[in-house]
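S.K.: Just so you know, the sequence shown maps onto residues 13 to 405 in this note's numbering.
To start, I am sharing the structure in question, which I have written as structure tokens.
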Amino acid sequence: MNRQTCSFHRGGLMRSGIVLLLLYMIVLPLDAFAVNWLERDAVSGSWGGLRDSLQDQGINIELTYTGEMVRNFSGGVFNRSGSVYHDNLDLQLTADSDKLGLWHGGRWLVYGLRNHGALPSASLIGDLHTVSNIEAADQFIVYQAWYEQQWLGGRLSLLAGLHDLNAEFYITEYGNLFLNSSFGIGPDISGNVTASIFPRPGLGLRLRVQPSEQVYMQAAVYDGDTATRAIRRAEGRMMIAEAGYVMTGGAAYKLGCWRHSADRLYAGRSFSGDYGVYGTIDQPLFEFDGSGKLGLFLQYGWVPADRNSNIRYAGGGLHLQAPIPGRDEDVLGLAVARADTHLDAETTLELTYSLVLTPWLSLQPSLQWIDNPGGDAMVRSARVGLLRFTLQL
């Protein structure tokens, strides 16, 4: 039976709208006539010069609201069509020790995150990849809070604190366009172990060495269970290392490995930890007249099949900058992701277009087709549509 559901979480959506409207009403009059409204970097402007003054002193404040409607047209594990709305509010404060007149090479980040709304993959689709990379249970947390110290002109750095592993490891620049979660970090990690990633990173320590402009090496260790944010021996540690070669023009080739030290029970057997390897590629292909650029990205991740449900991951796609003449900031993308399980493979195809309307407002529709949702060949393919908007406040 095909069931219909529609969950807009009206109360929460209304509260979010009221908060945003109040913020807007407070800050807009401060410099309403200073800069053309549509040309501002943020909808609230420079707060009467306060924001610019803080930036000059080394303090930068960013407030971003992301809202998204998700529609499952048909299929999926639950065989349920319907629409849901969810949102994400980010507040980031960064500080630079040099500009603050303190010492050389220091940088802080404090990042607050509020998630609210429905869980489209968990409630409508049941897919492994997760159709939206902002899907999370309701929460209001300190998402990241770290300090980084650089030496030798940035060639050596050490970072400590609450840190999102996926901000620096297992990423592709071209893959960041897409809304499906797997194009951010593969399910070979996110679907198998507790890692320091969205929606709840943990405490970590990261060392990065960059001997040349093109070559870098980095390694990190994180708390093995980010749900508690308490460091306990039984939770183990998540360790990861990555090396990369990044060329002028955007080409990047990266190879990484990881290990989680916590004891693991799978299929009635006990294992001493888990591990895996991964690689990513960003490859510019060619440029068109004007600002049009076509690029390719690839991802691959492997883990041992004896202790994991998601045993292999492969993804890749095309990224076209300025697909329409005169729309230099717009991006068109087509990508595919495949996660192999012991039963079958789930494959997701995503077509998306990022439309930049102003420096502070963008719209991004996405169409996704999911074959064998949940890695089950007996489940009908899901057809999903998403519409995301992002406001820089």
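Built from N, CA and C at the ideal position, the CB exists for glycine as well.
Select from G302, G327, S374, G280 the residue whose C-alpha is nearest the C-alpha of F309.
M.R.: Taking only the C-alpha atoms, the option nearest F309 is G327.
S.K.: Check whether the stretch 373 to 381 touches the stretch 60 to 78, taking contact to mean three or more Cβ pairs, one atom from each stretch, closer than 8 Å.
M.R.: Too few Cβ pairs lie closer than 8 Å, so no.
S.K.: Going by alpha carbons, who is nearest to A149 out of R212, G329, V289?
M.R.: Of R212, G329, V289, the residue nearest in Cα terms is R212.
S.K.: Measuring straight from C-alpha to C-alpha, what distance separates L405 and N127?
M.R.: Approximately 17 Å between the Cα atoms of the pair.
S.K.: Reducing DSSP to helix, strand and coil, say where R63 ends up.
M.R.: Three-state result, R63: helix.
S.K.: Answer yes or no: do T359 and V348 have a C-beta to C-beta separation smaller than 8 Å?
M.R.: For T359 and V348, yes; Cβs fall inside 8 Å.
S.K.: Flag this pair as touching only if the stretch 252 to 271 and the stretch 287 to 304 have three or more C-beta atom pairs under 8 Å; answer yes or no.
M.R.: The stretch 252 to 271 vs the stretch 287 to 304: in contact.
S.K.: Considering only DSSP beta bridges, list what K266 is partnered with.
M.R.: Beta-bridge pairing links K266 to G256, T292.
S.K.: Skipping 5 residues on each side, what residues in its chain have a beta carbon closer than 6 Å to that of T402?
M.R.: So the list reads T78, S374, once near-sequence residues are dropped.
S.K.: Since P377 is in the beta strand (DSSP E), which residue starts that stretch and which ends it?
M.R.: Run containing P377: 373 to 383, per the beta strand (DSSP E) assignment.
S.K.: Can you look up R249 in the DSSP assignment and give me helix, strand or coil?
M.R.: R249 falls in the strand class under three-state DSSP.
S.K.: Would you decide whether G386 is buried or exposed? Buried here means 16 or more other CB atoms lie within 10 Å of its CB.
M.R.: G386 is buried by the Cβ-count criterion.
S.K.: Starting from S366, trace the alpha helix (DSSP H) in both directions and tell me its first and last residue.
M.R.: Not the alpha helix (DSSP H): S366 falls in the beta strand (DSSP E), residues 357 to 370.
S.K.: With DSSP as the reference, label A389 as helix, strand or coil.
M.R.: Three-state DSSP puts A389 in coil, outside helix and strand.
S.K.: D200 lies in the alpha helix (DSSP H); which residues open and close that run?
M.R.: Looking at the DSSP string, the run of the alpha helix (DSSP H) that includes D200 is 199 to 202.
S.K.: For the beta strand (DSSP E) containing V221, list its first residue and its last residue.
M.R.: First-last of the beta strand (DSSP E) with V221: 214 to 221.
S.K.: On the DSSP bridge list, what partners appear for Q226?
M.R.: Bridge partners of Q226: none, in fact.
S.K.: Between the beta-carbon of E155 and the beta-carbon of Y123, is there less than 8 Å?
M.R.: Per the sequence shown, residue 155 should be read as Tyr rather than Glu. Yes, the Cβ-Cβ distance between Y155 and Y123 is below 8 Å.
S.K.: What residue from D64, N91, R52, S65 has the CA that sits closest to A394's CA?
M.R.: If we check each option's Cα against that of A394, N91 comes out closest.
S.K.: Evaluate the contact criterion for the stretch 191 to 211 versus the stretch 127 to 143: three or more CB pairs, one atom per stretch, below 8 Å.
M.R.: At 8 Å Cβ cutoff, the stretches touch.
S.K.: Can you tell which of V368, S135, L101, W163 has its C-alpha closest to the C-alpha of F152?
M.R.: Among V368, S135, L101, W163, the Cα nearest to that of F152 is on L101.
S.K.: So, at 6 Å on beta carbons, what are the nonlocal neighbours of Q230 in its own chain, with the 5 sequence-adjacent residues on each side left out?
M.R.: Excluding residues within five positions, the ones whose Cβ falls inside 6 Å are R220, E254.
S.K.: For Y265 versus I293, is the C-beta distance shorter than 8 Å?
M.R.: A contact, by the Cβ cut-off of 8 Å.
S.K.: Select from G118, G196, L125, A130 the residue whose C-alpha is nearest the C-alpha of L165.
M.R.: This sequence places Gly at residue 165; Leu is not what is there. Cα-wise, what sits closest to G165 is G118.
S.K.: Looking only at DSSP bridge pairs, what is K305 linked to?
M.R.: Paired residue(s): E299, Q333.
S.K.: Mapping the DSSP letters down to three states, classify G345 as helix, strand or coil.
M.R.: G345: strand per DSSP, three-state reduction.
S.K.: Can you give me the Cβ contacts of Y228 inside the same chain, cut-off strictly under 6 Å, excluding the 5 residues immediately before and after it?
M.R.: Once the five neighbours on either side are set aside, the close Cβ partners of Y228 are Q222, G256.
S.K.: Rounded C-beta distance between H331 and V343? I'm assuming under 8 Å.
M.R.: Contact flag correct, Cβ pair sits at about 6 Å.
S.K.: Within the same chain, show all residues whose beta-carbon is closer than 6 Å to that of L105, passing over the 5 residues directly before and after it, in chain order.
M.R.: So the qualifying residues of the chain are I73, V122.
S.K.: Beta-carbon within less than 6 Å of L370's beta-carbon, same chain only, minus the 5 sequence neighbours each way: which residues are those?
M.R.: The question names Leu, but residue 370 is Thr in the sequence shown. Hits under 6 Å: L50.
S.K.: Considering E74, what are the terminal residues of the beta strand (DSSP E) in which it resides?
M.R.: Where E74 is concerned, the enclosing beta strand (DSSP E) stretches over 71 to 86.
S.K.: Compute the distance between the beta-carbons of I243 and L177, then report whether it is under 8 Å.
M.R.: Not a contact, by the Cβ cut-off of 8 Å.
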